[in-house]
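Notes follow once the structure below has been shown.
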Amino acid sequence: MTSSRAFHEASLPLFAPPGDEDEAIATPLAGRLPSYIADHRKRLRARFTEGGAGAMADYELLELVLFRALPRLDVKPLARLLLDTFGDFNRVVTAPAPRLLAVKGVGEAVVLELKVLEAAAQRMARARVMQRAILSSWDALLDYCHTAMAHRETEQFRILFLDRKNVLIADEEQAKGTVDHVPVYPREVVKRALELNASALILVHNHPSGDPTPSDADISMTMQIRDAADVLGITLHDHLIIGKERELSFRAQHYL
């Protein structure tokens with residue numbers, strides 16, 4: 001695979017050589033961009049400045065992200081290919097790096113831009129809930145969980161640790177799993193709560209299938225953690241299962 005540095009070198013060929021994955025989708029040109037590409041980029045930037053993301057289609061917003069990674073290319077074909085491959089803007093940004101690199105035209109520079117964007121989105125969403133009373137910031141918590149987990153392709157189990165005032169003091173990934181299973185050990189969950197001097201917990205995990213309906217194993221594991229926490233005076237407030245479009249609350253569905 002051609003290094004992304006090739007796009008920033010002064011001595012670019014007029015056309016990409018056959019088989020060059022980073023350059024196969026768009027057409028690189030030496031020196032200045034042709035006017036139709038430069039004008040297109042200018043128009044997109046102006047529309048975003050004036051109307052924000054709401055004024056742009058997904059592929060146009062994705063083009064803006066790709067401008068930095070591929071400064072000398074027409075990135076519209078690659079933006080459309082990424083959306084065709086993954087389905088929507090969110091799934092493109094959160095796609096695993098190996099799957100992104102398997103898309104013709106994607107190199108390390110593109111992956112870096114997308115992963116920086118993903119990290120920034122998660123950090124901003126997380127900032128809205130850390131050190132805040134979670135039960136009175138529930139919508140912000142759900143937004144954060146969806147941002148961090150809804151589009152993952154494997155299961156992830158997170159624990160939110162709360163103090164006596166239900167302020168979020170820690171958010172930790174406990175385990176990663178496969179597409180339909182993640183190993184969770186109630187003893188480790190309670191042990192970590194004691195280490196953090198937490199008074200309450202919220203469990204969160206995702207279902208890559210998109211359906212947040214709990215499995216028998218999900219229910220059994222939740223009851224085991226609740227019982228172990230009860231013995232030590234730790235409250236299990238809820239267990240959230242995050243799907244692609246919606247979430248399920250064990251508390252709201254009367255599992256707890």
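Each residue of the sequence shown is one higher than the one before, counting from 1 in the UniProt record's numbering.
Backbone N, C-alpha and C fix where the C-beta goes; we use that ideal spot for every residue, glycine too.
The structure presented is a predicted model; accordingly, all values stated were derived computationally and were not measured.
Can you check which of these residues, the options, is closest to residue i by C-alpha distance?
| i | options | result |
| --- | --- | --- |
| H205 | K191, E155, P98 and R164 | E155 |
| L194 | L135, I169 and M149 | I169 |
| P208 | N197, R226, K244 and E188 | K244 |
| Q224 | V189, D139, N197 and T213 | V189 |
| T94 | R41, R123, R68 and M149 | M149 |
| Y144 | K165, P71, V92 and L240 | L240 |
| A38 | E50, V75 and Y59 | V75 |
| F157 | L201, S136 and A121 | L201 |
| L70 | T235, D84, V111 and S137 | V111 |
| M124 | A133, G87 and L141 | L141 |
| Y255 | A228, G233 and D218 | D218 |
| A228 | V167, R187 and S220 | R187 |
Based on DSSP bridge pairs, tell me the residues matched to residue i.
| i | result |
| --- | --- |
| N206 | I242 |
| E172 | I159 |
I need the DSSP call for residue i, collapsed to helix, strand or coil.
| i | result |
| --- | --- |
| T213 | coil |
| F157 | strand |
| V167 | strand |
| L201 | strand |
| A133 | strand |
| H40 | helix |
| residue 260 | Because the chain is modelled from 1 through 256, residue 260 falls outside the range shown and cannot be assessed. |
| A55 | helix |
| A69 | helix |
| V75 | coil |
| L256 | coil |
| R47 | helix |
| R226 | helix |
| R152 | coil |
If I follow the unbroken beta strand (DSSP E) through residue i, where does it start and stop?
| i | result |
| --- | --- |
| L248 | E247 to S249 |
How far does the alpha helix (DSSP H) with residue i in it reach, from first residue to last?
| i | result |
| --- | --- |
| residue 258 | Any property of residue 258 remains undetermined from this structure, which presents the chain solely from 1 to 256. |
| L100 | A97 to L101 |
| S189 | Reading the sequence as shown, one finds Val at residue 189 and not Ser. Residues P186 to E195. |
| R91 | F89 to T94 |
| P183 | First-last for P183: undefined, no H or E at that position. |
| P34 | Counting along the chain, P34 falls outside any alpha helix (DSSP H), and DSSP gives it neither H nor E. |
| Y144 | W138 to M149 |
If we count the other Cβ atoms within 10 Å of its Cβ and call it buried at 16 or more, is residue i buried or exposed?
| i | result |
| --- | --- |
| V231 | exposed |
| residue 289 | Residue 289 falls outside the range modelled here, since the chain spans only 1 to 256, and no answer is possible. |
| R72 | buried |
| R226 | buried |
| E63 | buried |
| Y59 | buried |
For the ligand MG, I want to know if residue i counts as a neighbour, meaning its beta carbon is within less than 7 Å of at least one of the ligand's heavy atoms.
| i | result |
| --- | --- |
| N166 | In the structure shown, the ligand MG is absent, as is every other ligand, since no ligand is present at all. |
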